[in-house]
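In the UniProt record's numbering, the protein residues as written are 6 to 444.
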Ligand code: PLP
């Protein structure tokens with residue numbers, strides 16, 4: 006215990022002295038120490054454990070330290086730890102085949118990247134070169150990564166200080182709870198959002214629009230599951246104007262929604278799909294783009310002007326093959342669907358009734374958002390200080406939450422057990438009670 010406390014103190018001291026943190030004012034960061042993890046649990050050196058209801062950045066779909074994935078990385082490291090992307094490598098081919106095995110038939114090729122943002126960069130590049138057009142239409146309520154075009158395609162505040170890429174246009178997507186369209190019913194919201202999108206495309210000049218880029222289920226922006234018919238409607242608009250449809254499945258893919266791909270539940274087949282995170286749960290950084298045969302054919306005789314030293318890195322590829330194999334063999338995607346349907350969905354609905362701070366809960370699978378409001382009638386979001394208190398109250402009880410704006414996202418690993426899910430909800434419930442009492 007004493008050694009653990011010492012190591013925790015050393016960890017914090019080194020971090021604060023030398024590590025520059027993402028999206029933060031450096032003097033304000035107070036990182037949680039994590040020394041180890043297993044399944045849905047992480048712990049510090051001193052032995053404090055936390056039920057991981059964040060999946061870190063919503064990426065450890067298979068949980069921490071899945072033995073099959075760890076072993077596959079170890080084995081690949083012994084065999085061949087790195088190799089250039091221009092080579093043919095068996096593990097890389099198997100990883101591509103494993104991913105495409107869960108995708109619609111018209112997606113036939115994979116371009117591997119290092120993570121999600123560069124997957125989005127390359128999807129945009131593919132769409133621009135394929136169409137010979139320039140503009141990219143995406144949602145205001147979205148996050149697509151922190152690099153050049155991806156961060157400018159992003160809709161949230163992070164775009165604004167980074168607006169150095171050109172050709173990006175934003176629209177509002179459906180979000181009934183905070184409707185931009187004065188809608189009062191889901192169908193109305195859907196219809197008006199589609200009409201808005203089509204009008205923007207028309208006004209921007211359809212012949213100048215290369216791609217519509219959407220998260221299938223906007224994640225960081227609030228787990229905004231699209232209403233039935235929205236994505237099919239977007240597909241129709243894209244087809245009407247010869248626009249490439251890119252669905253960003255970086256967060257929503259590989260089990261998060263209880264489906265292999267989130268779009269499986271939405272009757273739509275995209276032209277390009279970006280993925281990362283859950284494809285191998287981030288055990289080794291990896292991402293990529295699934296490419297339709299039609300777009301891939303554009304580059305049969307024409308050079309694709311893009312590449313990365315570590316595209317298809319063998320350690321990442323081995324982790325993909327093992328992660329997908331384990332997810333298939335252990336029914337992990339089915340588990341995510343069942344936990345969402347039987348525990349998280351009903352449990353969060355009850356929580357929403359009991360807790361006056363909760364304005365809305367929404368989600369699917371192991372992908373939920375609990376939106377906290379100061380006033381249920383006006384739907385005014387709670388102040389940031391309240392979110393800080395909720396986070397602290399969760400951590401004090403051994404629950405690691407994912408907090409974004411005025412929301413707690415309930416996003417445990419896809420391997421979370423029904424008992425762990427119930428335990429996490431009970432801890433969140435207690436934390437909300439404590440914060441409400443203190444208000
Ligand atoms: N796209 C979506 C939908 C994401 O949620 C994220 C990350 O959260 C990204 C892209 C960027 O991925 P990365 O951080 O791996 O670059």
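By construction, the Cβ of each residue, glycine as well, lies at the ideal position given by its N, Cα and C atoms.
Practice problem: Could you check if residue 213 is buried or exposed, using at least 16 other CB atoms within 10 Å of its CB as the buried criterion? | Solution: Residue 213 comes out exposed.
Practice problem: Report all residues from its chain with a CB closer than 8 Å to the CB of residue 89; omit the five preceding and five following residues, and keep chain order. | Solution: Sequence-distant partners of residue 89 (beyond 5 residues in either direction) whose C-beta falls short of 8 Å from its own C-beta, in its chain, are 314.
Quiz prompt | Heavy atom of the ligand PLP within 7 Å of residue 253 beta-carbon | solution = yes
Quiz prompt | Ordered list of alpha helix (DSSP H) runs contained in the region 110-177, each at least 4 residues | solution = 121-136 and 153-158
Quiz item: Which runs of the beta strand (DSSP E) fall wholly inside the region 342-398 and span at least 3 residues, in chain order?
Solution: 363-369 and 372-380
Practice problem: Name, in chain order, the residues that DSSP records as bridge partners for residue 292. | Solution: 118
Quiz item: When burial is assigned at 16 or more other CB atoms within 10 Å of the CB, is residue 419 buried or exposed?
Solution: buried
Quiz prompt | Own chain residues within Cβ distance below 8 Å of residue 354, not counting five before or after | solution = 366
Quiz item: On the three-state DSSP scale, how would you describe residue 46?
Solution: strand
Practice problem: Please say whether residue 138 and residue 243 have beta carbons closer to each other than 8 Å? | Solution: no
Practice problem: Could you spell out the range, first to last residue, of the alpha helix (DSSP H) harbouring residue 241? | Solution: 235-245
Quiz item: Hey, would you say the C-beta of residue 202 is under 7 Å away from at least one heavy atom of the ligand PLP?
Solution: no
Quiz item: The alpha helix (DSSP H) spanning residue 436 covers which residue range?
Solution: 423-443
Self-check item: Proximity below 8 Å, CB of residue 387 to CB of residue 400
Solution: no
Quiz prompt | the region 152-160 in contact with the region 280-292 per 3-pair CB rule at 8 Å | solution = no
Practice problem: State the DSSP-derived secondary structure class of residue 220, mapped to helix, strand or coil. | Solution: strand
Quiz item: For residue 148, which option in 262, 136, 362 and 126 has the closest C-alpha, if you only look at C-alpha atoms?
Solution: For residue 148, the nearest C-alpha among the options comes from 126.
Quiz item: For residue 207, which option in 174, 228, 262 and 60 has the closest C-alpha, if you only look at C-alpha atoms?
Solution: 174
Quiz item: Hey, is residue 256's beta-carbon within less than 8 Å of any beta-carbon in chain D?
Solution: Absence of chain D from the displayed structure is noted, only one protein chain being present.
Practice problem: Would you check if the region 218-234 and the region 130-145 touch, i.e. whether three or more CB-CB distances between them fall below 8 Å? | Solution: yes
Practice problem: Express the C-alpha separation of residue 146 and residue 395 in angstroms, rounding to a whole number. | Solution: Cα to Cα, the separation comes out at about 23 Å.
Practice problem: Work out the CA separation of residue 51 and residue 18 for me, nearest whole Å. | Solution: 15 Å
Quiz item: For the putative contact between residue 249 and residue 280, defined by C-beta atoms under 8 Å, what is the C-beta separation to the nearest angstrom?
Solution: That pair is no contact at about 17 Å.
Practice problem: Along the alpha helix (DSSP H) that carries residue 201, what are the first and last residues, could you check? | Solution: 191-209
Quiz prompt | Buried versus exposed call for residue 57 [16 or more other C-beta atoms within 10 Å across all chains shown] | solution = buried
Quiz item: Given a threshold of 16 other Cβ atoms within 10 Å of its Cβ, counted over all protein chains shown, does residue 123 qualify as buried or as exposed?
Solution: buried
Practice problem: Can you tell me which of the three DSSP states residue 268 falls into? | Solution: Looking at residue 268 - three-state DSSP - the assignment turns out to be helix.
Exercise. Starting from the C-beta of residue 344, find all residues in its chain whose C-beta is less than 7 Å away, skip the five residues before and the five after it, and write them out in chain order.
Key: 371, 421, 423 and 426
Self-check item: Assigned secondary structure, residue 41 (DSSP; H/G/I helix, E/B strand, else coil)
Solution: In this structure, residue 41 counts as strand in the three-state DSSP scheme.
Quiz item: Under a three-way DSSP split, which group does residue 11 fall into?
Solution: Under the three-state reduction of DSSP, residue 11 is assigned to helix.
Exercise. Can you check DSSP and say which residues form a bridge with residue 251?
Key: 218 and 277
Quiz item: With DSSP run on the structure shown, which of helix, strand or coil describes residue 103?
Solution: Residue 103: helix per DSSP, three-state reduction.
Quiz item: Just the Cα atoms here: how many angstroms apart are residue 108 and residue 11?
Solution: Distance between the alpha carbons of residue 108 and residue 11 is about 48 Å.
Self-check item: Where residue 73 falls: helix, strand or coil (DSSP)
Solution: helix
Quiz item: residue 265 to residue 341, Cα distance in whole Å?
Solution: 10 Å
Quiz item: Based on Cα-Cα distance, which residue from 411, 417 and 429 lies nearest to residue 226?
Solution: Residue 411 is the option with its Cα nearest to residue 226.
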